[in-house]
Each structure stands twice: as structure tokens, then as C-alpha cells.
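Undergrad: Before I ask anything, let me first share the structure, which is written out below as C-alpha cells.
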Amino acid sequence: MNKKNLLLFVVCLVGLLALQIKLIQPIMYDIAASDLFLVDSKDTASPLPISNDMTALAFSNCNAHIKNDLGEDKSVSFASQPTNVWSLGNYEYIVNADVEISPKDAPSSLHHYVCRIQYTNGDDLSGASNIDNWNFEGVNGLSE
Numbered sequence: 036m037n038k039k040n041l042l043l044f045v046v047c048l049v050g051l052l053a054l055q056i057k058l059i060q061p062i063m064y065d066i067a068a069s070d071l072f073l074v075d076s077k078d079t080a081s082p083l084p085i086s087n088d089m090t091a092l093a094f095s096n097c098n099a100h101i102k103n104d105l106g107e108d109k110s111v112s113f114a115s116q117p118t119n120v121w122s123l124g125n126y127e128y129i130v131n132a133d134v135e136i137s138p139k140d141a142p143s144s145l146h147h148y149v150c151r152i153q154y155t156n157g158d159d160l161s162g163a164s165n166i167d168n169w170n171f172e173g174v175n176g177l178s179e
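In the numbering used here, the protein residues as written are 36 to 179.
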């Protein structure tokens, strides 16, 4: 009885391995190679920092978001230009810039922040100047 169980276990294990190699893996490769995960957009990703109208809007909207989050009790002064802006494609950007934050009763301090932001209307750029059409993914570098 013991040899029979061991043989059954080995046969089932070989069967599962063959099923995975011959059936499951080819299906997964076909799904990964398909257009299922493709986002069709006129905005392409760039591994290098870029500067255009959309990156300028991303920078200004990140600044507005940061100023709104810090509230009225702190004075903020933003750089005139971002340090770098990268496009991740599909109108998603990473903005890297400096901001000087001055609490009411403390000396000011310079912070180097990173903001991730996405324009939500896709290729329709007519509403790009409206901050409500931007989704803020997060901001780092402002904690003291």
C-alpha cells in the first residue's frame, strides 16, 4: 500500500508539472504578449528628463497641491523651474524640484521634493490647465 501511494504521488506530480509546462505557461505568455495591458496614448515615456507644456503644468499643479497641503501657517517659495521632470507615459509624470518652507516662528528650510502626478483626461488636452483633471499619486521629501 505504501509503494502504491508513493507511485500515485509521483504520477500526479509529473502530471501537474506537464500541465503547467504544456498548457498554463503558453496561455500566460500569450496574455502577456497581447494588447491586454497596452495603454494607447500619444504621450510616450522617456528615460531622460524632458521639458514641454505638460511637464510645466505638472510642475505648477504639484506646487499648488503642496501649497494647499501645507496650509496657511507656513509660507512657501517654489523654484521657478523644476530640477527634473520625467514622463512615465500615458500623461504620468515625476516632478523633482525645490521648495523653501518658512514656518511662522522658525527659520526657513529648503526641501527637495518628488511629486508623482497624472493627467486624467488622456489625449484630450483641452482641460490640462484645470487642476481637477490631475491625479496626485504622492509627494515625498517634505517631512522635517
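We put the beta carbon where it would ideally sit given N, CA and C, even for glycine. The structure displayed is predicted, hence computed values, not measured ones.
List in chain order: all unbroken alpha helix (DSSP H) runs of 4+ residues lying wholly within the segment 39-69.
TA: Runs found: 60-68.
Undergrad: Tell me which same chain residues have a C-beta within less than 6 Å of the C-beta of residue 109, skipping the five on either side of it?
TA: The residue you call residue 109 lines up with position 74 of the sequence shown. Taken in chain order, the residues that qualify are 136, 138.
Undergrad: Is residue 140 helix, strand or coil when you go by DSSP?
TA: Translated into positions along the sequence shown, residue 140 becomes position 105. Correct three-state label for residue 140: coil.
Undergrad: Identify which residue in 162, 126, 97 has its Cα closest to the Cα of residue 115.
TA: Reading the sequence shown from its first residue, position 80 is the one you call residue 115. Comparing Cα-Cα distances from residue 115 to each of 162, 126, 97, the minimum goes to 97.
Undergrad: Run the CB neighbour count on residue 72, radius 10 Å, all protein chains shown included, and call it buried at 16 or more, exposed below.
TA: Your numbering for residue 72 matches position 37 in the sequence shown. Residue 72 is exposed by the Cβ-count criterion.
Undergrad: Which ranges would you report for the alpha helix (DSSP H) in the segment 66-146 if only whole runs of at least 4 residues count?
TA: If we require 4 residues or more, the alpha helix (DSSP H) runs fully inside the segment 66-146 come out as 88-105.
Undergrad: Once DSSP output is grouped into helix, strand and coil, what is the label at residue 173?
TA: Along the sequence shown, read from residue 1 onward, the residue named residue 173 stands at position 138. Correct three-state label for residue 173: strand.
Undergrad: With DSSP as the reference, please indicate the residues paired to residue 166 in a beta bridge.
TA: Within the sequence shown, the letter at position 131 stands for residue 166. Paired residues: none, contrary to the question.
Undergrad: Please name the residue in 145, 154, 146, 56 whose C-alpha comes closest to that of residue 124.
TA: Walking along the sequence shown from the start, residue 124 turns up at place 89. Among 145, 154, 146, 56, the Cα nearest to that of residue 124 is on 154.
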